[in-house]
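Quick note, the sequence shown lines up with residues 11 to 99 if you use the working numbering.
For glycine and all other residues, C-beta sits at the position ideal for the given N, C-alpha and C.
Everything numeric in this text was worked out from a predicted model, so none of it was measured.
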Amino acid sequence: MKDPVQFFKALSDTTRLQIIALLMWEKELCVCDIENVLDLSQSKASRHLRYLLNSGILTDKRKNVWIYYSIDKDLPVSEKNFLDLFSKT
């Protein structure tokens with residue numbers, strides 16, 4: 011684990027947990043999709059996505075004008091397994 015405290019702090023918010031579960035299911039989404047599915051404002055969705063990016067859980071990539079978010083493929087296996095287990099509950 012890169013920084014276990016940062017990892018678990020990122021999971022301490024219900025909205026961030028919902029975003030992670032959604033991305034575990036859908037694999038890759040833009041902020042507008044996350045806003046619509048979770049009924050969030052753009053600023054709230056972006057703030058939580060930024061937190062998850064900074065904690066190393068998510069990665070982003072630009073496609074034209076949109077930024078797409080996904081679970082970081084380089085996340086340690088133990089963290090991926092934890093997220094996978096959590097997203098199924």
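Quick one: grab the DSSP three-state call for residue i.
{"i": "L85", "result": "coil"}
{"i": "Y70", "result": "Residue identity check: residue 70 is Asp in the sequence provided, not Tyr. The answer is strand: DSSP assigns D70 an E or B state."}
What whole-angstrom Cβ distance do residue i and residue j have, given they're in contact under 8 Å?
{"i": "L39", "j": "L33", "result": "6 Å"}
{"i": "V41", "j": "L59", "result": "6 Å"}
{"i": "S65", "j": "F17", "result": "6 Å"}
{"i": "I44", "j": "I30", "result": "Actually they are not in contact, since the Cβ atoms of I44 and I30 sit about 11 Å apart, beyond 8 Å."}
By the DSSP assignment, the alpha helix (DSSP H) with residue i in it spans what residues?
{"i": "E45", "result": "41-48"}
{"i": "L59", "result": "52-64"}
{"i": "K19", "result": "14-20"}
{"i": "E36", "result": "24-36"}
Is the Cβ-Cβ distance between residue i and residue j less than 9 Å?
{"i": "L68", "j": "D82", "result": "yes"}
{"i": "Y79", "j": "L63", "result": "yes"}
{"i": "L85", "j": "L93", "result": "yes"}
{"i": "K71", "j": "T25", "result": "no"}
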